[in-house]
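In our numbering, the protein residues as written are 905 to 1576.
Have a look at this one:
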């Protein structure tokens, strides 16, 4: 290998270097030839790429705005709107994908390419708005236009909105649909707008080389490529890589996960201290890794520490532009790969970087398999409440992506939050401007509050600072808490001295609460609630009923009920009657329940008709509360009297039995 060739190889991204090396190996080992991408010979409808096919399906099922790609910018100076209009339409004319529509043919979506299409610029003038309202109105327009659905069956997939804020000061919003565009398309789009805009104002002919192919040519090539031995090699790698991987990252959230995944989201702009980037780059070089690999190791550590789950799967986007033919195209080439990091051995962070490096290189060198095809092949147990394979995505870049560059104009990019989120968490980090490293943290608002996300970002920053200070620490020992959080946990929250009531039983303490706040909610289940007054009255009635069944001191009463308002009533009633509560989970195996009944010598058991069959043959005396409540309701609502003291038994709980037969543990009222 010549020194010039090696120099060129070193300049490639880790993703492209891994792919290049694997292709060389495959050509020697198996003779597989990927071939060049040829132009299609017919001009009729053509198949979608694999990524487009999934995107088309998602567009029918979820909030359409979730898959829009908005790019907003502030333009200051003498903008030539006619030149901008010309430039946008020239880009549409040059790239078939922007004038492609999608319709069903024989049960499958197909691409239809219009010979010509035009895009108009929607204009809004806010210069006469009061200054305090101008930005609010502009933000409203940006969000409304950014989320306004495209009709994939007939629309040009480019929307342009120009908002005049003041003379020579305007906002430009360009929106495409993800089915026709991706992150790398931005650079192609901006470069060509610059060429056409400049040519128009200078009255010159634009100079751009003819495109070697169009997106539909790529889609046809991809369909032919992913067959036979090449497909089998990719599937073999990914099936091995993800064998036994957890389906869901059990991440603590502010709210339970909805039954159907919500795509409502929000985004926070984030920035890191200036010195942190250079320190992380230095550490990456020491380990022969990239900033992405170090960032992957750090984020996986954060997720490991938050969730307690040692096996972490994270998604990351890859450009999919590994062939020269597709580099100058606008289109949906990007793919995503699953990166699986194991933390079970509590490695040092340096060791984790090495693991992240190997995982990333392996994934990048097998990135041609479309993610949606991987999901089909793995056939994971699908759950509508979360995304398959992974629920967290990250991207870490080192390059500063420039804004649109137009002559005589100052253009600055603006963040656009359309209020959508494709994943639970999506962390994008890169160069915001020269020597400033930051990005965007997008999250699902159905799961997380803004304060939780900002606290999480603070923990990530603390983690990164601890990493660069001592990368040889074990990941469990790396600092995450701020000094304020540490002081609060150690000093304020750890002040546990409290006076406990002495000499009182559990039911007496509940009765005191009844006297203090009788009409406050005591228990709730779903939409049903009981006040303290109602809980006390029902428990009193059941306690009298139990006393009539000989329940008293040292008398064990099993409670074998499904979760409902009846459960706390039963527990309190047994204590009021002077008995001993023995909770029995209906989910327990029948053998375990039988052993408990045997140890308790056939106790009285409160249950319900739907569960009674599970207790047949155990010797237990059953009280079917669902059937017998009419008799209970006839009892007195006054509190029963008994001679129970704090030292008397209140509760028997059985051990799990993991080391043998379950054993009952007795607890007194005072012990509880």
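In this text, a Cβ means the ideal position worked out from N, Cα and C, and glycines have one as well.
All of these numbers come straight from a predicted model, not from anything done at the bench.
Secondary structure of residue i, DSSP reduced to three states
i: residue 1480; result: helix
i: residue 931; result: Annotation note: pLDDT 44 at residue 931 (below 50); position unreliable, no value reported.
i: residue 1565; result: coil
i: residue 1544; result: coil
i: residue 951; result: strand
i: residue 942; result: coil
i: residue 1093; result: helix
i: residue 1417; result: helix
i: residue 981; result: coil
i: residue 1403; result: coil
i: residue 1193; result: coil
i: residue 1171; result: strand
i: residue 1326; result: coil
i: residue 1574; result: coil
i: residue 1501; result: helix
i: residue 1161; result: coil
i: residue 1125; result: helix
i: residue 1528; result: strand
i: residue 993; result: helix
i: residue 1390; result: helix
8 Å Cβ cutoff met for residue i and residue j
i: residue 1197; j: residue 1103; result: no
i: residue 1069; j: residue 1042; result: yes
i: residue 1522; j: residue 1497; result: yes
i: residue 1479; j: residue 1439; result: no
i: residue 995; j: residue 1093; result: yes
i: residue 1003; j: residue 1018; result: yes
i: residue 1244; j: residue 1111; result: no
i: residue 1079; j: residue 974; result: yes
i: residue 1508; j: residue 1473; result: no
i: residue 1360; j: residue 1330; result: no
i: residue 1482; j: residue 1546; result: yes
i: residue 1293; j: residue 1279; result: yes
i: residue 1544; j: residue 1392; result: no
i: residue 1152; j: residue 1211; result: no
i: residue 1315; j: residue 1067; result: no
i: residue 1276; j: residue 958; result: yes
i: residue 1565; j: residue 1499; result: yes
Residue i versus residue j - alpha carbon distance
i: residue 1202; j: residue 1219; result: 14 Å
i: residue 1166; j: residue 1253; result: 34 Å
i: residue 1371; j: residue 940; result: 45 Å
i: residue 1249; j: residue 997; result: 56 Å
i: residue 1099; j: residue 1362; result: 42 Å
i: residue 1076; j: residue 1083; result: 22 Å
i: residue 1375; j: residue 1354; result: 30 Å
i: residue 1324; j: residue 1418; result: 46 Å
i: residue 1242; j: residue 1222; result: 11 Å
i: residue 1570; j: residue 1528; result: 26 Å
i: residue 1506; j: residue 1433; result: 33 Å
i: residue 948; j: residue 1012; result: 15 Å
i: residue 1118; j: residue 1056; result: 19 Å
i: residue 955; j: residue 1533; result: 59 Å
i: residue 1071; j: residue 1063; result: 23 Å
i: residue 1488; j: residue 1462; result: 7 Å
Cβ-based burial, residue i [other Cβ within 10 Å; buried from 16]
i: residue 1517; result: exposed
i: residue 1460; result: buried
i: residue 1358; result: exposed
i: residue 1097; result: buried
i: residue 1158; result: exposed
i: residue 1299; result: buried
i: residue 1192; result: exposed
i: residue 1049; result: buried
i: residue 1573; result: buried
i: residue 1086; result: buried
i: residue 1554; result: buried
i: residue 1240; result: buried
i: residue 1397; result: exposed
i: residue 1126; result: buried
i: residue 1257; result: buried
i: residue 1128; result: exposed
i: residue 1428; result: exposed
beta-carbon residue i near the ligand FAD non-hydrogen atom, thresh 7 Å
i: residue 1499; result: This structure lacks the ligand FAD, and indeed carries no ligand of any kind.
Whole alpha helix (DSSP H) elements within the stretch 1243-1278, 4-residue minimum: 1253-1268
- request: Entirely within the stretch 1037-1116 and at least 3 residues each: give me those beta strand (DSSP E) ranges in chain order.
  value: 1062-1070 and 1073-1081
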